[in-house]
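Taking the UniProt record's numbering as reference, the numbering of the sequence shown is continuous, increasing by one, and the terminal residue is 402. Inspection log for the structure reproduced underneath, given as structure tokens.
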Amino acid sequence: MSARVGATPARSEVAVVAFLAFVSVLMAFGIDAALPAFDELSRDFGLDARGLSPAITGTPYFVGMAIGQLIFGVLADRFGRRPIMMVGLSVYALGALGAATANGLGMLLVGRFIWGLGAAAPAVLRMAIARDLYAGERMARVVSLVTAVFLIGPIVVPFIGEWILLTGSWRAVFAVAIALAAVALAWAFAFGETLAPEHRQPLRVAPIRRAFAAVVTTRVTLWAIIAQAFFGAAFFIWLGSAQPVIDRIYGRSSQFTLLFGLSGVGMAAALLVNNRLISRFGVRPMAVRAAWVFVLAGLAGLTVAIAWGGVPPLWAWFAWALVANAMSMIMTPMCAAIALGPMADQAGMASAVLGLGQLGVGALLAAVVDARIGATVTPMLVGATAFGAAGLGALLWSGRGS
């Protein structure tokens, strides 16, 4: 399947990957850079005294991202990718400014919501832009490279936040996001438009409804989105439970940063290997194989966990986590390529629904499992394996008859 032509002048693949990776890291900066600042922020706003976790500031960001993806996805199909990306980045900077200058918890939470709303633009448009320029295996390879670079963020960005805190406050960390957004704005302007005028959709209720209907009634697209939501849920279990599992169950809080970083390295390595393998085997066969590896690894890990009374050796649990995280992460570019393949004229809407499924549905499903993790890792393994099996089923169903 070839890329759609006529939308834009030719760009090098390196330039495309660099731009999409930068805006992806910017999207994650609002969470990753804020992590080291939470203790100082908590003291300033008295969160501990109110019985609130500093993580409360993350929730408005994710809610804003979930809502914003549908808004920006629809607008990008009408007005093009560049203007909507620039609007989103401007909203991102405005939200970061509001959060950085907040003098009360309410203003901080509003700023974080607006910040997340702006972050939704790069979240949804990175997939839409990739689909504008590429299709099939080439799109999957490009998104794999973008995601591999993006994974450097959770490893490096928290250290950047800590470095900023050595000479400034948590407000300085938030202010850096404004400067990065300004760089992204200039880059987005120079990068140009990727959606050809003939593929733009009218901004009216009926065409929007038809675009949404096209997404949810196309078997390949809908079930690939559902598959990605389940694998996203499995990954969110790791994000939500890794710290308490390593800290409370294994008593290794000092090793959390190292283990979390190693997991990120493993995911990036898996994406780079996958980038080569899909050229040989194809997107769907590789996606199915990765899903099977995820499920089988989960069953093996669950067997070991049960044999050890719910608390297997740390190395055994982390070995499972490495495999599971790697497989769930490489599902992102492959499910996106499968889902967006038939959606050349509705790439913005399809990207929005894909992102909403992964971020919204996935996070909600993971929260149900995270709440049940107590003294053992068994709920984590059961939940992740069940979600992986459901994702595998959805993936197989998406290809039925194709």
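Positions of the beta carbon are idealized from the N, C-alpha and C atoms, including for glycine. Remember, predicted model here, so these are calculated numbers, not experimental data.
- Are there three or more Cβ pairs, one per stretch, closer than 8 Å when the stretch 221-236 is compared with the stretch 334-349? yes
- Task: Taking 8 Å as the cut-off, decide whether the C-beta atoms of M85 and L125 are in contact.
- Result: yes
- Message: At the level of alpha carbons, what is the spacing between A7 and R81?
- Response: Reliability of the predicted coordinates at A7 is poor, the pLDDT of 45 falling under 50, and the value obtained from them is presented with this limitation in mind. Near 11 Å, if we compare the C-alpha coordinates of R81 and A7.
- Message: So V63 and G116 are supposed to be a Cβ contact under 8 Å. How far apart are they, rounded?
- Response: The beta carbons of V63 and G116 sit about 7 Å from each other, so the pair counts as a contact at 8 Å.
- Tell me which same chain residues have a C-beta within less than 8 Å of the C-beta of R200, skipping the five on either side of it? Around R200: D77, R78, F79, G80.
- Query: By Cβ distance below 8 Å, which residues in the same chain neighbour V5 in space, the five residues on each side in sequence not counted?
  - Reply: Bear in mind that a pLDDT of 40 at V5, under 50, signals an unreliable position, so the number given afterwards is only what the model happens to contain. Closer than 8 Å at the Cβ level, and outside the excluded window around V5, lies no residue.
- Query: Which term fits S42, buried or exposed, when burial requires 16 or more other beta carbons within 10 angstroms of its beta carbon?
  - Reply: Here S42 is buried, its C-beta having at least 16 other C-beta atoms within 10 Å.
- Can you give the Cα-Cα distance for S144 and N275, rounded to whole angstroms? 6 Å
- Task: Go through its chain and collect everything with a Cβ distance to Y250's Cβ below 6 Å, but skip five positions before and after it.
- Result: L314
- Message: On a Cα-Cα basis, can you pick out the residue from S169, I373, N103 that is closest to Q243?
- Response: Checked all of S169, I373, N103; the closest Cα to Q243 is I373.
- Do A324 and F294 have their C-beta atoms closer together than 8 Å? Yes, the pair counts as a contact, with Cβ atoms nearer than the cut-off.
- Query: In whole angstroms, what separates the C-alpha of G266 from that of G391?
  - Reply: 21 Å
- With 16 as the cutoff for other CB atoms within 10 Å, does L203 come out buried or exposed? By the Cβ-count criterion, L203 is exposed, with fewer than 16 other Cβ atoms from all chains shown falling within 10 Å of its own Cβ.
- If you check the beta carbons only, do I164 and V156 fall under 8 Å apart? no
- Message: Can you tell me whether S2 is helix, strand or coil according to DSSP?
- Response: Any reading at S2 must be qualified, since the residue scores a pLDDT of 42, below 50, and its modelled position is unreliable; no value is offered.
- With burial defined as no fewer than 16 other Cβ atoms inside 10 Å of the residue's Cβ, what is the status of A367: buried or exposed? exposed
- Message: Assess contact between the stretch 286-306 and the stretch 344-354, defined as three or more Cβ pairs (one per stretch) separated by less than 8 Å. Is contact present?
- Response: no
- Item | Cβ-based burial, L258 [other Cβ within 10 Å; buried from 16] | exposed
- Query: To which residues of the same chain is A148 closer than 6 Å at the C-beta, ignoring the five residues directly before and after it?
  - Reply: A268, L271, L272
- Query: I246 and T194: beta carbons closer than 8 Å?
  - Reply: no
- For I373, which of helix, strand or coil comes out of DSSP? coil
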